[in-house]
Structures are given as structure tokens and as C-alpha cells.
Amino acid sequence: MLYQTIDILGTVAFAISGVLVAMEKRLDLFGVLIIAFVTSIGGGTLRDLLIGNTPVVWMRDLTYVTTIFITVVFAIIFVNQLKYLRKSLFLFDTIGIGLYTMLGVEKGLEAELLPIICIFLGTMTACFGGVIRDILCNEIPVIFRKEIYATACILGGASYFLFMALSLKESYAYIAAILVVITLRLMAVRFGISLPNIYKYRG
Amino acid sequence: MLYQTIDILGTVAFAISGVLVAMEKRLDLFGVLIIAFVTSIGGGTLRDLLIGNTPVVWMRDLTYVTTIFITVVFAIIFVNQLKYLRKSLFLFDTIGIGLYTMLGVEKGLEAELLPIICIFLGTMTACFGGVIRDILCNEIPVIFRKEIYATACILGGASYFLFMALSLKESYAYIAAILVVITLRLMAVRFGISLPNIYKYRG
Amino acid sequence: MLYQTIDILGTVAFAISGVLVAMEKRLDLFGVLIIAFVTSIGGGTLRDLLIGNTPVVWMRDLTYVTTIFITVVFAIIFVNQLKYLRKSLFLFDTIGIGLYTMLGVEKGLEAELLPIICIFLGTMTACFGGVIRDILCNEIPVIFRKEIYATACILGGASYFLFMALSLKESYAYIAAILVVITLRLMAVRFGISLPNIYKYRG
Numbered sequence: 001m002l003y004q005t006i007d008i009l010g011t012v013a014f015a016i017s018g019v020l021v022a023m024e025k026r027l028d029l030f031g032v033l034i035i036a037f038v039t040s041i042g043g044g045t046l047r048d049l050l051i052g053n054t055p056v057v058w059m060r061d062l063t064y065v066t067t068i069f070i071t072v073v074f075a076i077i078f079v080n081q082l083k084y085l086r087k088s089l090f091l092f093d094t095i096g097i098g099l100y101t102m103l104g105v106e107k108g109l110e111a112e113l114l115p116i117i118c119i120f121l122g123t124m125t126a127c128f129g130g131v132i133r134d135i136l137c138n139e140i141p142v143i144f145r146k147e148i149y150a151t152a153c154i155l156g157g158a159s160y161f162l163f164m165a166l167s168l169k170e171s172y173a174y175i176a177a178i179l180v181v182i183t184l185r186l187m188a189v190r191f192g193i194s195l196p197n198i199y200k201y202r203g
Numbered sequence: 001m002l003y004q005t006i007d008i009l010g011t012v013a014f015a016i017s018g019v020l021v022a023m024e025k026r027l028d029l030f031g032v033l034i035i036a037f038v039t040s041i042g043g044g045t046l047r048d049l050l051i052g053n054t055p056v057v058w059m060r061d062l063t064y065v066t067t068i069f070i071t072v073v074f075a076i077i078f079v080n081q082l083k084y085l086r087k088s089l090f091l092f093d094t095i096g097i098g099l100y101t102m103l104g105v106e107k108g109l110e111a112e113l114l115p116i117i118c119i120f121l122g123t124m125t126a127c128f129g130g131v132i133r134d135i136l137c138n139e140i141p142v143i144f145r146k147e148i149y150a151t152a153c154i155l156g157g158a159s160y161f162l163f164m165a166l167s168l169k170e171s172y173a174y175i176a177a178i179l180v181v182i183t184l185r186l187m188a189v190r191f192g193i194s195l196p197n198i199y200k201y202r203g
Numbered sequence: 001m002l003y004q005t006i007d008i009l010g011t012v013a014f015a016i017s018g019v020l021v022a023m024e025k026r027l028d029l030f031g032v033l034i035i036a037f038v039t040s041i042g043g044g045t046l047r048d049l050l051i052g053n054t055p056v057v058w059m060r061d062l063t064y065v066t067t068i069f070i071t072v073v074f075a076i077i078f079v080n081q082l083k084y085l086r087k088s089l090f091l092f093d094t095i096g097i098g099l100y101t102m103l104g105v106e107k108g109l110e111a112e113l114l115p116i117i118c119i120f121l122g123t124m125t126a127c128f129g130g131v132i133r134d135i136l137c138n139e140i141p142v143i144f145r146k147e148i149y150a151t152a153c154i155l156g157g158a159s160y161f162l163f164m165a166l167s168l169k170e171s172y173a174y175i176a177a178i179l180v181v182i183t184l185r186l187m188a189v190r191f192g193i194s195l196p197n198i199y200k201y202r203g
């Protein structure tokens, strides 16, 4: 129940972020819908394609499609009010990437893939919806340029395997890893932490 | 026979639209070929990937590859004459999206997916070749910005399920739905109908 | 042994080309990693998706992931020295596309696809990592605009089927086809050969 609520909140947050980017680009209604969709489910879809888990999940469970559709309608109507929700949205989004990361890790484990690939799949689930959104909007993906977004997912995914190696119970390790992602992201934004600058001593 | 003729006319029209966009971007021969290809078969390929229908259809039936190749050769040679065909091309393209929409809906039904997902797959089959073309040419996809293109596919796909619910014979419903797509698109262009403006009362 | 060494050299060369493009775009560490990755394994991944060969190969064999990761670390540290390696890099890259072309052709044959589709898959394996790299970096793919890169792969792939038709032993035909790709690419660069200009007599 809690799990599903969080999943839906994450989906909502991702969809809204898609709507905001799409409206900034002045896309039409159809464009806004597709971008919201892709931002929400693009990462999981790419993951399912790569591990051969088809038809992809949102084709078999309409919860996502319905949630995104309703979100887009409300987001377009109340777009001027959305700015007052900035903090809540950031929180949903952060919870969303935490949960999506572990969803992806879990799918990798089910497909009996190696830990490092599972971490990769988790990060992809959380981050690649945004990458596809940015490609469709003709931008260099934002997560390739700033913020410690993906890194939080990678470290959180890795922490799950660390917790398991320390014999933590699986459900605890799962939740702990989600909290690691959320904490890292919140701290990174709060303290302005970013990846080490690889251009420091160069032209 | 009629069905196949229309399918090939649609493929030709999509391929030509790819050639025109690619040549505007001054791509080389290889680039033009790939863009023509992707415009014609990109939507169906993405659909087949998402429902797990691999190897994708154009790998097993060379009709598409051959048709596209011949089209590209002729389109490059006669590019200056293509403008006189603008109306015919528009008609082929419109018939093409009608047919491609129902092809996609059919594939969804075969995979036992829900109606709304089938409609989505139909729209994807008709429209996403153009989306991939625009991404490869570094443009924001044109169907996200103007014209009621995708909407005609969505409504046409939906009409199929309406006709079926009204106990129409399946083959009639199929053809009627194709005509709905074509009619909507023609009317939209003729009367300058577009999606409701979601930016009206905003900055 | 030789085969594997060449495969790794190719992976290294592709990864370095990804790092160079990504750093030119001033991407952060994560972005550079992903672009290096995608340049190296994007073509093969797309090929495996299209023929339904999932989970894709780099998820099951960590050699690629490890090689790319180490390459990126070194490439970032020694980026200023990389210019002295320009000639070696070009050679690795050229050997890489030769090998990748035939790897792709082989996968197509295993999936019992027609020769022309196998040649297409070979070209995709060799060239589409670079295409995805350029899309992610918001550029029109370089192979669509200049150089006879893809054409060398197409002709090399076709030569394999020619050699087989001439009853050459399979392993010889395989190696000969790789050499055809390499030779064509070297000659094209050496003598400044490019595709025929399709814009000559037009506005």
C-alpha cells in the first residue's frame, strides 16, 4: 500500500517535470502528453527492452497510463499554481528516483544479472526517462551536465549489495538503499555538492 | 491486393518525406538513405520492440527495404520534380497514416493488449517514424508542435473499438477506422483545425 | 586470442572517441561515462534489440563494461596527451569498425536473416554507437554528413557474401571482409574519397 502510493507519487512527479519542460518548449497538447509519458516511463521501458521483458510493463498495467494522463490534465490547468508546489515536487521526484532505482535493481536480480549491471539498470530506470525527454526536446540531457542525480542512484544501488553482503534482511536492505538515494540527493542539493570537475586544469 | 498497394504507397510517401527532410539538412547519400528508412519503418520497429515481436518485420520481409531503396534513388534523381507531386504525396501520406494506425492496432490486439494500448501502438506506428527522423535531424519533432496529425490517429484508432462495440463486422470496422483517420486529417488541413491552445491565458 | 585483443582495442578506441566528444561538450563525469559507453556498445545493443537477442551481450559479459570504465578513467586523466595518439586511435577505430561489421553480420546469420539484412546489422554494429553518441550530444550524426565511414562497412559486409559465393573458406572470407572494411576506410581517408555529391546540380 505504502509502496504503491510512493510509486504513484513518483510517477506524478516525473510526469509533472515532463509537462513543465514540454510547456517551456511550447509543444502542443499531444507533445506535452508524450513528453510527460516518456519522462515517467521511459527509463523503465528502456530497461525492460534491454533485458527482454516485453510487452513492457505499462502495456499490461494501466495504472501508469491513467496516472500520467490525469496528472497532465491537472498540470496543464494549474500550471501557474505549480510553482507554489516546487518543494513538494522536488520531494516526490527525489522519493521517485529512490524507488525507481530499487525497482530497476530488482528487475535485474530477477533476470539473474550481475550486481554491477543491476545497479546500472536501477540508475537507468530512475534517470533515463529524463534523458529521453531532453533528447525529444532537443537539449543535451541535463543529468549529463550538472547535479549529482545519477550518482545518488549509483551509490544507492551499490549500497543495497553492501547491505546484503552485511547480511541485512532483504526488505531492510531494500528500504535502506532507497533512503541512501534520497539522502544523497537531498544532501547534494542542500550543500551544493556536485561531481568532481574534470575540466579543472584544462583549456 | 488493394491492401498491399496502399501499404506500399504509404511506405513510398513516408520514405519521400524522409528524403526531403534529409536533403534540406544537406545529409550525404548514406544519411538520406537512413533517414528515409527510419521515417518509413521507425514507428513499426519501435512498436515491435515494445511488444517483443522480434526480429522486427522488415528483417523478415524484404518488400519494405526494397521499396524504400528504390524510392530513395528516384526521389534523389527527381527531387526538383517532387514539388509538382506535393498533393499526391500528401494524399499518400494521409492514406499511409490511416493504414499504419490500423496495422498497429491489429498488432496490439494480436498481443492481447488492452484497447487503449492498441490505440497507442497504432498512433506510434503511424507517427513515430517521423519523430525519430526529426530527432536524427536535430529538430524538435514536428508532430509535437503543430498539426492535428497524431490526434487523427488516436481518434481513428478509438473509432475502431467504437465500431466493434456497435457490433459492426470486423473488416468493416477496420476499413471505417482507416477512413476516420484519413477524413480527420484531410478536414483538419482543409479547415485549419488544430489542437486547443494550452498557452492561451499564460505568459 | 588475436580476435579478443582486436575486439578490446576496438572497444577502447570507440570509448575514447566518446570521451573526446563528451568533453568537448563539457559534460560532467557521469555524462562522459555514459557517452563513452554508448559509443562503444550502442550499435551492438541496438542490433541485439532488433533481432530479439536479450538480455543484450554486455549485460552477460563484463569484459566490455570493465574495459570501457578503465578506458574512460585513463582518457580523462591523459586527455591532453591523447592528441599524440591520434594516429593510433584512428587505426584502432578503423580495425574496430572492420571487426564490429563482421560481428554484426555473424549475429544476423545466426538469426537466419537474409544477407542484405546481415550487412545492415553489421553496419549498424559498427556505426550506430556513434549515431547515438551524436544524438545524445545534440548533433546531427557525423556519419550522415561526411566521410565514407558507413559505406566501407556496407561494402565490406557485402564482400563477405561475395567471398562465400566464390567458395572461399568461411574463416578466410570473414578475415578478408574485415580487411576490405579497413582498406576502404584507410584509402578513403588517404585519398579524400567521399560519397558522390547528391546536391551538385541543385539549389
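Protein chains in written order, with the working numbering: chain Z, 1 to 203; chain S, 1 to 203; chain P, 1 to 203.
Don't be surprised by glycine CBs; every beta carbon is placed ideally from N, CA and C.
This one's a predicted model, so the numbers in the text were calculated from it and none came from an experiment.
At which residues does the alpha helix (DSSP H) containing residue i begin and terminate?
i	result
glutamate 112(P)	That residue, glutamate 112(P), is in no alpha helix (DSSP H); it is neither H nor E in DSSP.
glycine 192(Z)	From DSSP, glycine 192(Z) is part of no alpha helix (DSSP H); its letter is neither H nor E.
cysteine 153(P)	149-165
Can you tell me which of the three DSSP states residue i falls into?
i	result
glutamine 81(P)	coil
glutamate 170(S)	helix
cysteine 137(Z)	coil
arginine 185(Z)	helix
tyrosine 100(S)	helix
isoleucine 16(S)	helix
glycine 203(P)	Model confidence at glycine 203(P) stands at a pLDDT of 43, short of 50, so the residue's coordinates are unreliable; what they give is reported in the following sentence. The answer is coil: DSSP assigns glycine 203(P) none of H, G, I, E or B.
glycine 10(P)	helix
glutamine 4(S)	helix
Smallest Cα separation from residue i: which of the options?
i	options	result
isoleucine 148(Z)	Val32(Z), Ile34(Z), Met102(Z) and Ile97(Z)	Ile97(Z)
threonine 94(Z)	Ala22(Z), Cys153(Z), Leu46(Z) and Gly157(Z)	Cys153(Z)
leucine 20(Z)	Phe74(Z), Asn53(Z) and Val79(Z)	Val79(Z)
leucine 179(Z)	Cys118(Z), Ser159(Z) and Val131(Z)	Ser159(Z)
cysteine 127(P)	Leu166(P), Leu168(P), Tyr84(P) and Met102(P)	Met102(P)
glycine 129(Z)	Leu82(Z), Val32(Z), Phe37(Z) and Phe92(Z)	Phe37(Z)
methionine 124(P)	Ala173(P), Leu82(P), Ser88(P) and Leu50(P)	Leu50(P)
methionine 187(S)	Ile175(S), Val142(S), Leu113(S) and Thr151(S)	Thr151(S)
alanine 111(S)	Leu195(Z), Thr54(Z) and Ile175(Z)	Thr54(Z)
arginine 185(Z)	Arg60(Z), Ile143(Z), Val65(Z) and Leu168(Z)	Ile143(Z)
methionine 164(Z)	Thr11(Z), Ile77(Z), Val105(Z) and Phe90(Z)	Val105(Z)
phenylalanine 14(Z)	Asp61(Z), Thr67(Z) and Arg26(Z)	Thr67(Z)
tyrosine 174(Z)	Gly157(Z), Asp48(Z) and Ala22(Z)	Gly157(Z)
isoleucine 198(Z)	Tyr172(P), Ile140(P), Ala75(P) and Leu85(P)	Ala75(P)
glycine 42(P)	Gly122(P), Ala177(P), Ile182(P) and Arg190(P)	Gly122(P)
cysteine 118(P)	Asp134(P), Glu139(P), Tyr100(P) and Asp28(P)	Tyr100(P)
leucine 109(Z)	Met59(P), Val189(P), Thr11(P) and Glu24(P)	Met59(P)
Quick one: does the C-beta of residue i sit closer than 7 Å to a heavy atom of the ligand MG?
i	result
valine 32(P)	The ligand MG is not part of this structure, which contains no ligands at all.
Would a check of beta-carbon distances place residue i closer than 8 Å to chain C?
i	result
tyrosine 160(S)	Structure shown: chain C not included; protein chains present are Z, S and P.
Open item on the list: By the 9 Å beta-carbon criterion, what residues does the stretch 139-156 of chain Z contribute toward chain P?
Closed with: Glu139, Ile140, Pro141, Ile143, Phe144, Arg145, Lys146, Glu147, Ile148, Tyr149, Ala150, Thr151 and Ile154
Task: Residues within the stretch 26-42 of chain Z neighbouring chain S, beta-carbon criterion of under 8 Å - done: Arg26, Leu27, Asp28, Leu29, Phe30, Gly31, Val32, Ile34 and Ile35
Task: Start-end ranges of the alpha helix (DSSP H) lying completely within the stretch 18-98 of chain P, minimum 4 residues - done: 29-51 and 63-77
Open item on the list: Can you pull out the residues from the stretch 175-194 of chain P whose beta carbon lies closer than 9 Å to at least one beta carbon of chain S?
Closed with: Ser194
Open item on the list: To be precise: take each residue of the stretch 61-84 of chain P, compare its Cβ to all Cβ atoms of chain S, and keep it if any distance is under 7 Å. Which residues remain?
Closed with: none
Task: Interface residues of the stretch 93-126 of chain S facing chain Z [CB-CB below 7 Å] - done: Ala111, Leu113, Leu114, Ile116 and Ile117
Open item on the list: Along the stretch 2-23 of chain P, where does the CB come closer than 9 Å to a CB of chain Z? Name the residues.
Closed with: Ala22 and Met23
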